[in-house]
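Counting in the UniProt record's numbering, the sequence shown runs without a single skipped number right up to 417 at its last residue.
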Amino acid sequence: MKSNSARYLVGQGISGLWKNHMMTLASIGVLTACLLIVGFAVLLTENINQIVGYVESQNEMVAFMYKSGENEEFMEAVPNVDDVNHETALRIQQDFEISGVTEDEFHQKLIDSGMTEDELKMLFGASSIADFEKPQGSSESSQAAEESTASTDSSSSDTSSSQKEDGGADDAESSSQSGIPIVYWDGLIQDIETELKAVPNVTDVRFVSKEEGIESQKESFGDLGYLLDDYTGADNPIRNSFVIKVEDLSKIDETITEISDITGIKLVNASNEVADTLTGLRRIINIVGWSIVAALSIVSLVIIINTIRASIFSRRKELNIMRYVGATNSFIRLPFIVEGICLGIISAAVAYLIIWGGYSYFMTSFMDSATSWIQSAFSSIIPFEQIALKLAVFFFSAGVGLGVIGSLVSIRNHIKV
1 MKSNSARYLV GQGISGLWKN HMMTLASIGV LTACLLIVGF AVLLTENINQ IVGYVESQNE
61 MVAFMYKSGE NEEFMEAVPN VDDVNHETAL RIQQDFEISG VTEDEFHQKL IDSGMTEDEL
121 KMLFGASSIA DFEKPQGSSE SSQAAEESTA STDSSSSDTS SSQKEDGGAD DAESSSQSGI
181 PIVYWDGLIQ DIETELKAVP NVTDVRFVSK EEGIESQKES FGDLGYLLDD YTGADNPIRN
241 SFVIKVEDLS KIDETITEIS DITGIKLVNA SNEVADTLTG LRRIINIVGW SIVAALSIVS
301 LVIIINTIRA SIFSRRKELN IMRYVGATNS FIRLPFIVEG ICLGIISAAV AYLIIWGGYS
361 YFMTSFMDSA TSWIQSAFSS IIPFEQIALK LAVFFFSAGV GLGVIGSLVS IRNHIKV
């Protein structure tokens, strides 16, 4: 097609808007209103999805480790001594307490599993393994115990300072035999954390010791926090735990199952009701929002079709003459397609400007006058600048697309004249 012909046909399409200016204004007004509603529906859907996503990101589950009274399960969770990498300093600390398992029994378990005397000395220190150089029950162990008793009896007549030192040693030995202190592997904590982070739906993992847990409970009690001051050491009822954040709440059941299967995890506490509510809310919002978009797109299409048909009807004699003198179908179609595109672009531009001004004004006025907790709740609302380009592309694509489709539908029967 020559450039002169193209300019002529485009000019005819634009002039067609003025020839039926009342119908054009009505069409632009109705189409703009439809696009405005569509735009607000899109903004509402995107913002609610953003808010739900933010709430999802703040939703946490807690995986609890074994605690007092659960020694058998925990002992199964402790790594074999053959797997201990001493060069990476997998430390053993004495702040994890399990009733019913004494320090002696734990050391004996390590000896029975093959740990050497040198390894015990390196991990626990020479002074803490005096009674564990040989397996319990051996004659040498019994002899060492008898010698220790005789030595204690002979030292009873020493100076007062020696008595104090002996008394301190006796207290330490008594504490060791009481079943309160027990050691656990730092490496186990690290291994569990690594496994948790490897779960597909997990985005963040944070270890919380039982000491941190009891302090958190004290803070939640406010002025009554002192009531928990006695819950320390073996009396602390809080479990060591991992606070876990997930990405997709719809997969929370599968995530809980995977976490529960990790060695060392006793139980997982998660709010399934919140997850189900948020997932259902997001699904409903998406369905309703895009249903509105689809319905109003159909309404807009019908408006453009009727506008183009009115234009065709007003020019029916001209079209007949053009057909009789040999004008091609594309030559007849193009002005009406241009007219439909112009209707869509003008309506899209007007709707976009109105939404831009209205949304920006609402955000500024609302956030300035809202209370602090409302501002915090709506802090995740999408700024217009962040969605401006996406909305502009959507509007103008919808306007051009609807204009072309409406024009083609309108002139389909008239090109046969």
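Cβ atoms here follow ideal geometry from the backbone N, Cα and C, with glycine treated the same way.
Note that this is a predicted model, so its numbers are computed, not measured.
Rounded straight-line distance, which links the Cα of residue j to that of residue i
i      : j      : result
GLU173 : ALA198 : Model confidence at GLU173 stands at a pLDDT of 37, short of 50, so the residue's coordinates are unreliable; what they give is reported in the following sentence. So the two alpha carbons sit approximately 42 Å from each other.
PHE362 : LEU25  : 28 Å
TYR8   : ALA327 : 14 Å
GLY29  : SER365 : 27 Å
ILE321 : ILE332 : 11 Å
VAL293 : ILE37  : 8 Å
GLY225 : VAL62  : 23 Å
PHE40  : ILE405 : 23 Å
ILE298 : SER360 : 28 Å
ARG283 : THR232 : 46 Å
HIS21  : SER311 : 10 Å
GLU318 : SER15  : 14 Å
PHE221 : THR279 : 32 Å
SER300 : ILE382 : 27 Å
ILE387 : VAL42  : 10 Å
LEU227 : VAL208 : 21 Å
Residue i (DSSP reduced to helix, strand or coil)
i      : result
ILE308 : helix
ILE341 : helix
ARG239 : coil
ALA351 : helix
ASP248 : coil
ASP276 : helix
ASN201 : coil
ARG206 : strand
MET262 : With the sequence shown as reference, residue 262 is identified as Ile, and Met is not the correct amino acid for it. Three-state DSSP puts ILE262 in coil, outside helix and strand.
ILE381 : coil
ILE327 : The sequence shown places Ala at residue 327, rather than the Ile named in the question. Coil.
Nearest to residue i (by Cα), restricted to the options the options
i      : options                        : result
GLU195 : SER314, MET23, THR263          : THR263
PHE242 : GLU60, VAL30, SER27            : GLU60
MET65  : ILE265, GLU212, TYR226         : ILE265
ILE192 : SER15, ILE244, VAL288          : ILE244
ILE48  : ILE287, ASN240, SER260         : ILE287
ASN269 : THR279, THR257, THR277, GLY280 : THR257
SER216 : ASN240, VAL205, ASP204         : ASN240
ILE345 : GLN190, ARG316, ARG323, PHE394 : PHE394
Alpha helix (DSSP H) segment containing residue i, residue limits
i      : result
ASP230 : It is not in any alpha helix (DSSP H) - ASP230 carries neither H nor E in the DSSP assignment.
LEU319 : 316-324
GLY403 : 384-411
C-beta contact flag for residue i and residue j at 8 Å
i           : j      : result
PHE336      : SER407 : yes
ILE238      : LYS218 : no
LEU35       : SER347 : yes
THR45       : ILE285 : yes
GLY340      : GLY289 : no
residue 418 : VAL350 : Beyond the ends of the chain as shown, which are 1 and 417, falls residue 418; an answer cannot be given.
GLU247      : ASN201 : yes
ALA295      : TYR352 : no
Extent of the continuous beta strand (DSSP E) to which residue i belongs
i      : result
ALA63  : 60-65
LEU267 : 265-269
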